[in-house]
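Enquirer:
In the working numbering, the protein residues as written are 42 to 189.
Right, here's the structure in full:
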């Protein structure tokens, strides 16, 4: 099968994005081990539901209206070296198909967050894209490619 795929060279791949459902988990943040309290914060996004993309994250201290952006490192990893003081609240930019919205976390990270700990944000993301593949995906094409 590997040789058959290699012989094709560059191929167009169609895929269908399937919504994720995490009924027993809210969107959560894992503070990564590379974080350095209180100056550098690296988080991994866990249990992102629906058919969504996180397009941006900002953080602010609960007692402050000043927001600081997080940098998207790769995959589900985001970081900032501008960490506000005190408990931290996050706002996520979310897109689903042609729609976008901001989601504010309900549960802040505690003032003395710790690397290696997973924090529940208190929110669920369940948005489903109202757009489809262009051209329309069909399961027969996907099965043909997988049977090579």
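Just so you know, even glycine gets a beta-carbon here, dropped at the ideal spot from N, CA and C. Only a predicted model underlies this, so the values are computations on that prediction, with no experimental measurement involved.
Rounded to whole angstroms, how far is the Cβ of residue 93 from the Cβ of residue 135, which I believe are closer than 8 Å?
Expert: If you number the chain shown from 1, residue 93 lands on position 52. If you number the chain shown from 1, residue 135 lands on position 94. The Cβ separation is near 5 Å, so the contact holds.
Enquirer: Should residue 104 and residue 127 be called a contact, given that it needs their Cβ atoms to be closer than 8 Å?
Expert: On the chain shown, position 63 is the one that residue 104 refers to. On the chain shown, position 86 is the one that residue 127 refers to. Their beta carbons are under 8 Å apart, which means residue 104 touches residue 127 by this criterion.
Enquirer: When burial is assigned at 16 or more other CB atoms within 10 Å of the CB, is residue 75 buried or exposed?
Expert: Within the chain shown, the letter at position 34 stands for residue 75. Its Cβ having fewer than 16 others within 10 Å, residue 75 is exposed.
Enquirer: Examine the Cβ distances between the region 111 to 118 and the region 147 to 157 and report whether three or more of them are shorter than 8 Å.
Expert: Too few Cβ pairs lie closer than 8 Å, so no.
Enquirer: Using 8 Å as the threshold, is the C-beta distance between residue 124 and residue 79 below it?
Expert: As a working note, residue 124 is residue 83 in the chain shown. As a working note, residue 79 is residue 38 in the chain shown. Yes, they are a contact pair.
Enquirer: Quick check: the Cα distance between residue 195 and residue 140, rounded to an integer number of angstroms?
Expert: Coverage of the chain is limited to positions 42 through 189, which leaves residue 195 absent and any answer about it impossible.
Enquirer: State the Cα-Cα distance for the pair residue 121 and residue 169, rounded to the nearest angstrom.
Expert: Indexing the chain shown from 1 puts residue 121 at position 80. Indexing the chain shown from 1 puts residue 169 at position 128. Looking at the two C-alpha atoms, the distance is approximately 29 Å.
Enquirer: So, are the CB atoms of residue 73 and residue 62 less than 8 Å apart?
Expert: For the purposes of this step, residue 73 is taken as the residue at position 32 of the chain shown. For the purposes of this step, residue 62 is taken as the residue at position 21 of the chain shown. No, they are not a contact pair.
Enquirer: Comparing the CB of residue 103 with every heavy atom of the ligand ZN, is any distance shorter than 7 Å?
Expert: Among the components of this structure there are no ligands whatsoever, and the ligand ZN is therefore not found.
Enquirer: Shortest alpha-carbon distance to residue 145 belongs to which of 109, 64 and 131?
Expert: The residue labelled residue 145 in the question sits at position 104 within the chain shown. The option with the nearest alpha carbon to residue 145 is 131.
Enquirer: Grouping DSSP H, G and I as helix and E and B as strand, with all else coil, what is residue 152?
Expert: Start at 1 with the first residue of the chain shown, and residue 152 comes out as number 111. Residue 152: coil per DSSP, three-state reduction.
Enquirer: Give the secondary structure of residue 48 by DSSP, where H, G and I count as helix, E and B as strand, and everything else as coil.
Expert: The count along the chain shown starts at 1 and reaches residue 48 at position 7. The answer is helix: DSSP assigns residue 48 an H, G or I state.
Enquirer: With distances taken Cα to Cα, identify the nearest neighbour of residue 150 among 143, 44 and 82.
Expert: Within the chain shown, residue 150 is the residue found at index 109, counting from 1. Looking at the Cα atoms, 82 is the closest of the given residues.
Enquirer: Buried or exposed for residue 54, please, with buried defined as at least 16 other CB atoms from any protein chain shown within 10 angstroms of its CB.
Expert: Within the chain shown, numbered from 1, the residue matching residue 54 stands at position 13. Exposed: under 16 other Cβ atoms inside 10 Å.
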